[in-house]
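Q:
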Amino acid sequence: GVPASEVAERSLLRHKGLGPSYGVGPLERQTSVDVKDDTCDDLCPSSEEHYPFLDLTRLGCVFMVAVDHGAPAFGHWNVFFAQGWVLQYLFLVCGVCFGMSKKPLLEYELRLGVYAVIGVCVNWSAWLLMGLDWRSNFFNVVFHIWFVFGLMVYAVLLVPVRAFLVSTRAMCDQRAAAGENPEEADLPQDEEERGGDVTVPARAEQRDALLHALVVIGGGVLGILILFKEVMRPLLKIIAPLVLQFVSLLGTGTSFWGLPQTSQESLVFLEQVCSYSMVTTTNLYLMFTCPRVFKRRQLTAWAVLINTYGHRMLWYRSSDERPWHGFDLMTIALTTYFLGILHRRTLGKYIARYWFVPIALCGLLWPAGTYGRLDETPPHEMSLRIRSTMMEAIFVVVWLCAGDRIAHKEIFTEDKMVFMNDWALIVFLVHKAVHMMLPSPTNW
11 GVPASEVAER SLLRHKGLGP SYGVGPLERQ TSVDVKDDTC DDLCPSSEEH YPFLDLTRLG
71 CVFMVAVDHG APAFGHWNVF FAQGWVLQYL FLVCGVCFGM SKKPLLEYEL RLGVYAVIGV
131 CVNWSAWLLM GLDWRSNFFN VVFHIWFVFG LMVYAVLLVP VRAFLVSTRA MCDQRAAAGE
191 NPEEADLPQD EEERGGDVTV PARAEQRDAL LHALVVIGGG VLGILILFKE VMRPLLKIIA
251 PLVLQFVSLL GTGTSFWGLP QTSQESLVFL EQVCSYSMVT TTNLYLMFTC PRVFKRRQLT
311 AWAVLINTYG HRMLWYRSSD ERPWHGFDLM TIALTTYFLG ILHRRTLGKY IARYWFVPIA
371 LCGLLWPAGT YGRLDETPPH EMSLRIRSTM MEAIFVVVWL CAGDRIAHKE IFTEDKMVFM
431 NDWALIVFLV HKAVHMMLPS PTNW
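Residue numbers (the numbering used here): 11 to 454.
Shown next as structure tokens:
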């Protein structure tokens, strides 16, 4: 019943390795954009292309945010494992889009500023109409729009980082064009993989290069550790009263976000800030050094990921850490966008093929019957912290390696779902006010 022309076309596609063919599941069927992306380890290699997975990720995350703010039980019971990916994916999408953007910083900030003003005004109107005391609780009036203000701050801080990554990528491309083969660098290879004997001087050169990398990276990380854990400590007692005075101006809603309410809490808060800043600074240091000590730029993203989630597993991080984590996630996204991530195309292929494995792993990691927002109030118990952090790391790696394989451009080109992007923007700006003013189920 299949026309001969279609049979011939399928045969040609199979011959080229593009599918679809027998046994190919829906997550493995590729659009023309996906095929192009699959030729390298870069994430969104062309800034001129439209990548549907960015839009679909944003749509799904905004939907889940609106659901959580209207029915918090969904978040507390971690429905769809949302604690491990919703806010995280929003920051990753924003980081990639910031890397792709060619707009001047002022225009970028003005656009975000307009959205922030609209969102705050909508929330403020809801507080006024409901007769609530907004004057002493303006922090909660802003509520989820703090996300937009955070993006504005991140954009300013990341402009020099983006410029650095652009120049670093150009340096790596020039180095590759000069004849340095990255596939033969960084990691030891046996004689068969190299296709011949490896001389003693070559072995020594590899060993010296690896030793140099370990000294540069390890020494820098150790220096950053000493700076934030020892050198900064005497300054904290001086700064603590000033921080407490500033936080008191924001109202009582600051306690929900983990900001200090007493002098002792202010000192502890600053100690934690040093710990958070240490991770962020280490990420920036790895971003600077790894492309220079390793010939494969794609190793940088893995180094930043391991540093970020290694710290989150081993050391407690309070709820006030979220602004730093948002910055770290945008840093991860920028690093992956400009420098790629090693073996992305291979990992992405198998993640798409065995998509049920990450879901099963997350099901095993999440303790059955656990109630609570571990992303907002991280657990002190290390085993539980490791479990929740591993879940988030799995979701982040899945998106970075295989996110582009789960979306089809036909959703927008054939199904005409482009309007959903505008829907997501409107819902993000007004959903909190709607939930406040309208009783269930009319708020939905």
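Just so you know, even glycine gets a beta-carbon here, dropped at the ideal spot from N, CA and C. Here the structure is a predicted model, which is why all the values come from computation and not from measurement.
Hey, would you say residue 51 sits closer than 8 Å to residue 308, going by beta carbons?
A: Closer than 8 Å, so yes.
Q: Looking only at its chain, what residues have a beta carbon closer than 7 Å to the beta carbon of residue 445, apart from the 5 residues adjacent to it on each side?
A: For residue 445, where only same-chain residues beyond five positions count, the Cβ hits under 7 Å are 79, 80 and 453.
Q: Under a three-way DSSP split, which group does residue 63 fall into?
A: Correct three-state label for residue 63: helix.
Q: Compare the beta carbon distance of residue 273 and residue 250 with 8 Å and say whether it is the shorter of the two.
A: Cβ distance < 8 Å, so residue 273 and residue 250 count as in contact.
Q: Could you tell me if residue 381 is buried or exposed, where buried requires 16 or more neighbouring beta carbons within 10 angstroms of its beta carbon?
A: Answer is exposed; the Cβ neighbour count stays below 16.
Q: DSSP state of residue 453, grouped into three classes?
A: If DSSP states are grouped into helix, strand and coil, residue 453 belongs with coil.
Q: For the candidate residues 123, 239, 276 and 269, whose alpha-carbon lies nearest to that of residue 330?
A: Cα-wise, what sits closest to residue 330 is 269.
Q: So, does the segment 116-133 touch the segment 358-377, judging by three or more C-beta pairs under 8 Å?
A: Result no; under three Cβ-Cβ pairs closer than 8 Å.
Q: Skipping 5 residues on each side, what residues in its chain have a beta carbon closer than 6 Å to that of residue 158?
A: Taken in chain order, the residues that qualify are 122, 125 and 126.
Q: As a quick exercise: from 282, 170, 353 and 100, pick the residue whose alpha carbon is nearest that of residue 435.
A: Comparing Cα positions, the closest option is 100.
Q: Which residue marks the beginning of the alpha helix (DSSP H) containing residue 359, and which one marks its end?
A: Its alpha helix (DSSP H) spans residues 354-363.
Q: Which one of 350, 324 and 320 has the shortest CA to CA distance from residue 301?
A: Taking only the C-alpha atoms, the option nearest residue 301 is 350.
Q: DSSP three-state call for residue 104: helix, strand or coil?
A: Three-state DSSP puts residue 104 in a helix.
Q: For residue 438, which residues of its own chain have a beta-carbon under 8 Å away from its beta-carbon, when the five flanking residues on both sides are left out?
A: The answer, listed in chain order, is 72, 75, 76, 129 and 154.
Q: Using three-state DSSP, classify residue 68 as helix, strand or coil.
A: Note: residue 68 maps to helix in three-state DSSP.
Q: For residue 174, which of 341, 387, 384 and 185 has the nearest alpha-carbon?
A: Ranking the options by Cα distance to residue 174, first place goes to 341.
Q: Hey, which unbroken runs of the alpha helix (DSSP H) at 4 residues or more fall wholly within the segment 314-341?
A: None, since the segment 314-341 contains no complete alpha helix (DSSP H) of that length.
Q: I need the DSSP call for residue 434, collapsed to helix, strand or coil.
A: If DSSP states are grouped into helix, strand and coil, residue 434 belongs with the helices.
Q: Going by beta carbon distance, what residues of the same chain come within less than 8 Å of residue 197, once the five residues before and after it are set aside?
A: Bear in mind that the predicted position of residue 197 carries a pLDDT of just 48, short of 50, making it unreliable; the figure below should be weighed with that in mind. Contacts found: none.
Q: Per DSSP, what kind of secondary structure is residue 396 in: helix, strand or coil?
A: In this structure, residue 396 counts as helix in the three-state DSSP scheme.
Q: From residue 120 to residue 169, what does the alpha carbon distance come to, in whole angstroms?
A: Going by the C-alpha atoms only, they are around 15 Å apart.
Q: Would you kindly work out how many angstroms separate the C-alpha atoms of residue 441 and residue 252, rounded to a whole number?
A: If I take the Cα positions, the gap works out to 35 Å.
Q: Quick check: the segment 286-300 against the segment 227-234, are at least 3 beta-carbon pairs closer than 8 Å?
A: The answer is yes - the segment 286-300 touches the segment 227-234, with three or more Cβ pairs under 8 Å.
Q: Sort 54, 332, 69 and 348 by Cα distance to residue 429 and report the nearest one.
A: Nearest of 54, 332, 69 and 348 to residue 429, Cα basis: 69.
Q: Consult DSSP for residue 41 and reduce its assignment to one of helix, strand or coil.
A: With a pLDDT of only 38 at residue 41, under 50, the local geometry of the prediction cannot be trusted, and the value read off the model is given with reservation. In the structure shown, residue 41 sits in coil (DSSP, three-state: anything other than H, G, I, E or B).
Q: When you compare only the Cα positions, how much space is there between residue 21 and residue 360?
A: Bear in mind that the predicted position of residue 21 carries a pLDDT of just 46, short of 50, making it too unreliable to give a figure here.
Q: Let me know if residue 56 comes out buried or exposed under the rule of 16 or more other beta-carbons within 10 Å of its beta-carbon.
A: By the 10 Å Cβ count, residue 56 comes out exposed.
Q: By Cβ distance below 7 Å, which residues in the same chain neighbour residue 247 in space, the five residues on each side in sequence not counted?
A: These residues qualify, in order along the chain: 277.
Q: Hey, how far is the Cα of residue 281 from the Cα of residue 410?
A: If you take the alpha carbons of residue 281 and residue 410, they lie about 32 Å apart.
Q: Compute the Euclidean distance between the alpha carbons of residue 384 and residue 345, then round it to the nearest angstrom.
A: Computed Cα separation, rounded: 27 Å.
Q: Which class does residue 215 belong to by DSSP, given the choice of helix, strand or coil?
A: Residue 215: helix per DSSP, three-state reduction.
Q: Compare the C-alpha of residue 116 against each of 163, 413, 218 and 288 and name the closest.
A: Of 163, 413, 218 and 288, the residue nearest in Cα terms is 163.
Q: Can you list, in chain order, the residues of its chain with a C-beta nearer than 7 Å to that of residue 254? Leave out the 5 residues immediately preceding and following it.
A: Closer than 7 Å at Cβ, skipping near neighbours: 270, 273 and 276.
Q: Which residues bound the alpha helix (DSSP H) around residue 54?
A: No alpha helix (DSSP H) contains residue 54, which DSSP labels as neither H nor E.
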